[in-house]
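Asks:
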Amino acid sequence: MALTGPSGRIDRRELTAAVLRDRGDMLVVAGLGAPAWDITAVGDCDENLPLWGGMGGATMIGLGLAIAQPRRKVLVITGDGEMLMGLGSLATIAVKRPPNLAILVQDNEHYGETGMQETATGHGVDLVAMARGAGFARTMFVTTEAEVPALYAAIHAEGLFFAVAKIEAASKKLVLPPRDGAVLQARMRAAVLGPAAYHQM
Amino acid sequence: MTTGDATSATKAEPTWPDDIYNLLKTHDIRQVALVPDAGHSRLIRRCLADNAMQVTTLTTEEEGIALMAGAWLGGDKSVLLMQSSGVGNCINMLSLATLHRTPMPMIVTMRGDFGEFNPAQVPMGHATQAVLEAMGTLVHRADRVEDVAPTVDATLRLAFNTFRPAATLIGQRVLGAKTFGKD
Numbered sequence: 003m004a005l006t007g008p009s010g011r012i013d014r015r016e017l018t019a020a021v022l023r024d025r026g027d028m029l030v031v032a033g034l035g036a037p038a039w040d041i042t043a044v045g046d047c048d049e050n051l052p053l054w055g056g057m058g059g060a061t062m063i064g065l066g067l068a069i070a071q072p073r074r075k076v077l078v079i080t081g082d083g084e085m086l087m088g089l090g091s092l093a094t095i096a097v098k099r100p101p102n103l104a105i106l107v108q109d110n111e112h113y114g115e116t117g118m119q120e121t122a123t124g125h126g127v128d129l130v131a132m133a134r135g136a137g138f139a140r141t142m143f144v145t146t147e148a149e150v151p152a153l154y155a156a157i158h159a160e161g162l163f164f165a166v167a168k169i170e171a172a173s174k175k176l177v178l179p180p181r182d183g184a185v186l187q188a189r190m191r192a193a194v195l196g197p198a199a200y201h202q203m
Numbered sequence: 046m047t048t049g050d051a052t053s054a055t056k057a058e059p060t061w062p063d064d065i066y067n068l069l070k071t072h073d074i075r076q077v078a079l080v081p082d083a084g085h086s087r088l089i090r091r092c093l094a095d096n097a098m099q100v101t102t103l104t105t106e107e108e109g110i111a112l113m114a115g116a117w118l119g120g121d122k123s124v125l126l127m128q129s130s131g132v133g134n135c136i137n138m139l140s141l142a143t144l145h146r147t148p149m150p151m152i153v154t155m156r157g158d159f160g161e162f163n164p165a166q167v168p169m170g171h172a173t174q175a176v177l178e179a180m181g182t183l184v185h186r187a188d189r190v191e192d193v194a195p196t197v198d199a200t201l202r203l204a205f206n207t208f209r210p211a212a213t214l215i216g217q218r219v220l221g222a223k224t225f226g227k228d
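Which chain is which? The protein sequence lines are A and B, in order. Under the numbering used here, the first residue of the first sequence is numbered 3, with each subsequent residue one higher. Under the numbering used here, the first residue of the second sequence is numbered 46, with each subsequent residue one higher.
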């Protein structure tokens, strides 16, 4: 069971690899901390924006990008702590309803970068219910490896989508992306806009 | 004065919001993020009526900072409209502008500024410019009607030409102070 870790929960890095397989020209924004290390470990590229800060803003970065590039799929991968800090964004995004935006919360029920303190999701707070309440019509709550193919299909299909995947709490090997945010922004803009990115007025 | 709306009772509606709208078009602003403010209501109506603009109404202003970062990643120029109280909600998220060197123009209508009635508006109104500048934002004020358009134009140019956060603060001398019918 390659996707399932020792605790019986899904391995976060294997899940990241699974959802990004054959990603095509998908643009990926990763919340600060482990999701940023995960997308980098799976394969750093110009179409990745791993965040080093702006906690609570990952999904809104995804919204701005999805509106600007309506023909490209945008996937935001973030953690439960980061999502909890930006819950209002669920309302904002559901109202805008961009058909090319998908959000995947990798939920380990802990703040992994600060000493594994518990988050609210470990105490019953249901992010999928919150997204549904905000107006997300397509959602998934994933707890087992068997559900991952359906998760993959839903992320890559047309239509605004929100999912929570319960994952193992254990931290993985640090794989750090470039630290210069100007580089991270410029490389994605060039990947999206071509050389014109450097001359936009 | 017998009505609560001093502006409409004494003169025609101000045209500076239309001047700002025209500047947004001149600068090819494609995304407008906002938390509503009475001072921006005419400009907001103009933006909502424009099919070439994507207007996103936020639950809190910091969402707008993140939205502008995403818009620029995808090649859209954007702007954030908010009241001075909302500036306080943006502080940490403004790190993104410095970190990524992202153009982030903000047009801020002031409260707690000149002739304020509501005590609750004063602490953040007093701190608005200091907070923005502490986070690396270039700030210019417009305290006369004739200064609004050139100041907003300068803010848009500074943001997109020099890749940083920039703000115009429109003072209550321009907007008029809300009086809750007690004028």
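Glycine included, each C-beta is placed from N, C-alpha and C at the ideal position.
Can you list, in chain order, the residues of its chain with a C-beta nearer than 8 Å to that of Thr52/B? Leave out the 5 residues immediately preceding and following it.
Replies: The residue given as residue 52/B occupies position 7 in the second sequence. Its pLDDT being 48, under 50, Thr52/B is placed unreliably in this model, and the coordinates cannot settle the point.
Asks: On the three-state DSSP scale, how would you describe Arg23/A?
Replies: On the first sequence, position 21 is the one that residue 23/A refers to. In the three-state DSSP reduction, Arg23/A falls in the coil class, being neither helix nor strand.
Asks: Between the Cα of Ala212/B and those of Gly157/B, Leu139/B, Val167/B, spot the shortest distance and give me the residue it belongs to.
Replies: Taking the second sequence and counting its residues from 1, the one referred to as residue 212/B is at position 167. Nearest C-alpha to Ala212/B: Leu139/B.
Asks: Anyone know if the C-beta pair for Lys75/A and Met28/A falls short of 7 Å?
Replies: Taking the first sequence and counting its residues from 1, one reaches residue 75/A at position 73. Taking the first sequence and counting its residues from 1, one reaches residue 28/A at position 26. Contact flag set, yes.
Asks: Quick check: what's the CA-CA separation for Glu106/B versus Pro210/B?
Replies: One-based indexing of the second sequence puts residue 106/B at position 61. One-based indexing of the second sequence puts residue 210/B at position 165. C-alpha separation (whole angstroms): 14 Å.
Asks: For Glu170/A versus Arg11/A, is the C-beta spacing smaller than 7 Å?
Replies: Taking the first residue of the first sequence as 1, we reach residue 170/A at position 168. Taking the first residue of the first sequence as 1, we reach residue 11/A at position 9. Cβ atoms of Glu170/A and Arg11/A: closer than 7 Å.
Asks: State the DSSP-derived secondary structure class of Arg134/A, mapped to helix, strand or coil.
Replies: Here residue 134/A corresponds to residue number 132 of the first sequence, with the count starting at 1. Arg134/A falls in the helix class under three-state DSSP.
Asks: By the criterion of Cβ-Cβ separation under 9 Å, what are the contact partners of Gly35/A in chain B?
Replies: Taking the first sequence and counting its residues from 1, one reaches residue 35/A at position 33. The contacting residues do not exist; Gly35/A stays about 15 Å from chain B at best.
Asks: On a CA-only basis, which of Pro52/A, Leu195/A, Met203/A is nearest Val31/A? Give me that one, please.
Replies: Position 29 of the first sequence, counted from the start, is the residue given in the question as residue 31/A. Per the Cα distances, Pro52/A.
Asks: Under three-state DSSP, which class holds Arg186/B?
Replies: The residue you call residue 186/B lines up with position 141 of the second sequence. Arg186/B: strand per DSSP, three-state reduction.
Asks: State yes or no: is the C-beta of Val184/B within less than 7 Å of the C-beta of Gln174/B?
Replies: On the second sequence, position 139 is the one that residue 184/B refers to. On the second sequence, position 129 is the one that residue 174/B refers to. Yes, they are a contact pair.
Asks: Let me make sure I understand the geometry here. Which of Gly114/A, Gly137/A, Gly196/A, Ala159/A has the alpha-carbon closest to that of Trp39/A?
Replies: Counted from its first residue, the first sequence places residue 39/A at position 37. It is Gly114/A.
Asks: What does Gln108/A reach in chain B if we use C-beta pairs closer than 8 Å?
Replies: Indexing the first sequence from 1 puts residue 108/A at position 106. Residues of chain B whose Cβ lies closer than 8 Å to the Cβ of Gln108/A do not exist, since the nearest Cβ in that chain is about 19 Å away.
Asks: Is it the case that the Cβ atoms of Leu67/A and Gly119/B are separated by a distance below 7 Å?
Replies: Locating residue 67/A in the first sequence gives position 65, counting from the first residue. Locating residue 119/B in the second sequence gives position 74, counting from the first residue. In this structure, Gly119/B lies closer than 7 Å to Leu67/A by Cβ.
Asks: Check the DSSP bridge columns for Asn50/A and list the partner residues they point to.
Replies: As a first step, residue 50/A must be located in the first sequence, where it is residue number 48. Listed as beta-bridge partners of Asn50/A by DSSP are Val30/A.
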